[in-house]
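**Q** Below is one structure. I have some questions about it.
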Amino acid sequence: MHTGDQVTCRITETGSWGAYAETNQEETVFINFNELSWSRIRTTEEVVNVGDRVQLQIMDAPTYERACYLGSLKRVVSAERPDFPEAYQVGSFHQATVERLGRDILFARLPQGPIVGARLPESHRLQPGDQIRVKLTSVDSECNRIIAELTFATADNKTESGAAE
Numbered sequence: 001m002h003t004g005d006q007v008t009c010r011i012t013e014t015g016s017w018g019a020y021a022e023t024n025q026e027e028t029v030f031i032n033f034n035e036l037s038w039s040r041i042r043t044t045e046e047v048v049n050v051g052d053r054v055q056l057q058i059m060d061a062p063t064y065e066r067a068c069y070l071g072s073l074k075r076v077v078s079a080e081r082p083d084f085p086e087a088y089q090v091g092s093f094h095q096a097t098v099e100r101l102g103r104d105i106l107f108a109r110l111p112q113g114p115i116v117g118a119r120l121p122e123s124h125r126l127q128p129g130d131q132i133r134v135k136l137t138s139v140d141s142e143c144n145r146i147i148a149e150l151t152f153a154t155a156d157n158k159t160e161s162g163a164a165e
């Protein structure tokens, strides 16, 4: 199997992290949770269950550190893929809901479902569920990636930004 190949597999294990599948050649394929569906899902079982036969696209071959192939279910069903270039343009401003926070980065959900990443300035302490305003700085439809910068209104109505790196 090679990167880009589409293969039929049987789901052998599921969890909050995604799923494992086995090919007819008894090769193992790991499907990360975010590669299961273009839509927002809460559990792996909303998409696949143990024993299901599915069509996957191979994204990466095994390496010395990783003993299995990496696969994607959502890349096979591209008809469901969100059309970022039409819905979201570089330079446009959008409201978003904070989903997850890291040390210096946050991930927020835009109104039509996509997740955007932005650098989190030290002076601002946000929590999951907070509403924020973001300016899109990069929209990469091939990689299904949107990068933004946060915008904050200050006391004198000037805007300060936290640009993503």
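For what it's worth, full-length UniProt numbering labels the leading residue of the sequence shown as 1, then goes sequentially. Each residue gets a CB set at the ideal place from its N, CA and C atoms; glycine is no exception. For clarity, every value in this text was computed on a predicted model and none was experimentally measured.
Spell out a yes or no on whether the segment 65-80 and the segment 130-139 are touching, meaning 3 or more CB-CB pairs, one atom from each, closer than 8 Å.
**A** The segment 65-80 vs the segment 130-139: no contact.
**Q** Residue 133 bridges to which residues according to DSSP?
**A** Walking along the sequence shown from the start, residue 133 turns up at place 133. The beta-bridge partner set that DSSP reports for residue 133 consists of 95, 151.
**Q** Using alpha carbons as the reference points, say which of 17, 151, 31 lies closest to residue 95.
**A** Residue numbering aside, residue 95 sits at position 95 when the sequence shown is read from its first letter. That would be 151, whose Cα lies nearest to the Cα of residue 95.
**Q** Where residue 52 and residue 114 are concerned, what is the direct C-alpha to C-alpha distance, given to the nearest angstrom?
**A** Within the sequence shown, numbered from 1, the residue matching residue 52 stands at position 52. Within the sequence shown, numbered from 1, the residue matching residue 114 stands at position 114. Residue 52 and residue 114: Cα-Cα distance of roughly 27 Å.
**Q** Would you identify the three-state DSSP class for residue 13, choosing helix, strand or coil?
**A** For the purposes of this step, residue 13 is identified with residue 13 of the sequence shown, where counting begins at 1. In the structure shown, residue 13 falls within a strand segment according to DSSP collapsed to helix, strand and coil.
**Q** For residue 46, does the three-state DSSP call read helix, strand or coil?
**A** Position 46 of the sequence shown, counted from the first residue, corresponds to residue 46. In this structure, residue 46 counts as helix in the three-state DSSP scheme.
**Q** Under the three-state reduction of DSSP, which class applies to residue 122: helix, strand or coil?
**A** Along the sequence shown, one-based indexing puts residue 122 at 122. Look at residue 122 here: in three-state DSSP terms it is coil, with no helix or strand label.
**Q** Could you compute how far the alpha carbon of residue 121 sits from the alpha carbon of residue 130?
**A** One-based indexing of the sequence shown puts residue 121 at position 121. One-based indexing of the sequence shown puts residue 130 at position 130. Approximately 15 Å, taken between the alpha carbons.
**Q** Count the C-beta pairs between the segment 31-41 and the segment 56-74 that are closer than 8 Å, then say yes if the count reaches three, no if not.
**A** Yes: the two stretches touch, three or more of their Cβ pairs being nearer than 8 Å.
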